[in-house]
Amino acid sequence: MQLISNLSAAVTAATFLRILDFSKQNGFDLANGGCTDLTPVQSFAVAPVLNQRWTMTGGPTVFNIVSTCNTFLTYPGAQSGAIALRSQATTRSTATNWTVSLVNPAVSTGPWTIIDAVTNTALTSWDRHPDSALPDAPITLEERNATDTRQQFWFATF
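FYI, my numbering numbers position 116 of the sequence shown as 134, with every residue one higher than the one before it.
And the structure:
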């Protein structure tokens, strides 16, 4: 697994990507391998499974993020204009535009922020609850906070 340093080139080449959370140990994962609209997207231990494979379209700063099922990364209220704050990341057959930018442009491999282009809320990956026996954690939309490392992600080859 190699970190991506040129996101636009990876998009143009239709490279399969992993989206890693702040720990770089967990990646965006379709819960239970689901391929239907509103399948939750969670942070889950990196594994060689298709439900952690993503591609991106668009660019150079606004992208659609596409799952292995050809559904788009989104959240439940994206199409209706409902409040995004605290919404769980999900998939849907209708695309959501995400503004993706480097936290520090001098470091080309990341981390990156992923911001809903309409609501200006940031994808945020949470730690797994210490009392939980499950290895997953939610990804939600929260107010942007430049110092919150949970809002920082890396893109890597699949």
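C-beta atoms are modelled at their ideal positions from N, C-alpha and C, and glycine is treated no differently.
On a predicted model such as this, the values are computed, not experimentally measured, just so you know.
Please tell me whether residue i and residue j are closer than 8 Å, where the distance is taken between their beta carbons.
| i | j | result |
| --- | --- | --- |
| residue 35 | residue 176 | yes |
| residue 159 | residue 105 | yes |
| residue 77 | residue 119 | no |
| residue 143 | residue 40 | yes |
| residue 154 | residue 23 | no |
| residue 94 | residue 114 | no |
| residue 55 | residue 98 | no |
Under 7 Å: does the beta carbon of residue i sit that close to some heavy atom of the ligand FAD?
| i | result |
| --- | --- |
| residue 101 | In terms of ligand content, the structure shown is empty, and the ligand FAD therefore cannot be addressed. |
With distances taken from CA atoms, which of the options is nearest residue i?
| i | options | result |
| --- | --- | --- |
| residue 116 | 146, 70 and 140 | 140 |
| residue 133 | 127, 123, 169 and 156 | 169 |
| residue 66 | 54, 53 and 47 | 47 |
Ends of the alpha helix (DSSP H) at residue i?
| i | result |
| --- | --- |
| residue 29 | 25-30 |
So with Cβ pairs under 8 Å, would you call residue i a contact of chain C?
| i | result |
| --- | --- |
| residue 27 | This model lacks chain C altogether, as it is built from one protein chain only. |
What residue does the beta strand (DSSP E) around residue i start on, and which one ends it?
| i | result |
| --- | --- |
| residue 83 | 80-85 |
| residue 68 | Looking at the DSSP string, residue 68 is not in any beta strand (DSSP E), and its letter there is neither H nor E. |
Closer than 8 Å by C-beta to residue i: which residues in its own chain qualify, once you throw out the five before and the five after it? Chain order, please.
| i | result |
| --- | --- |
| residue 253 | Residue 253 lies beyond the stretch modelled for the chain, which goes from 19 to 176, so this question has no answer here. |
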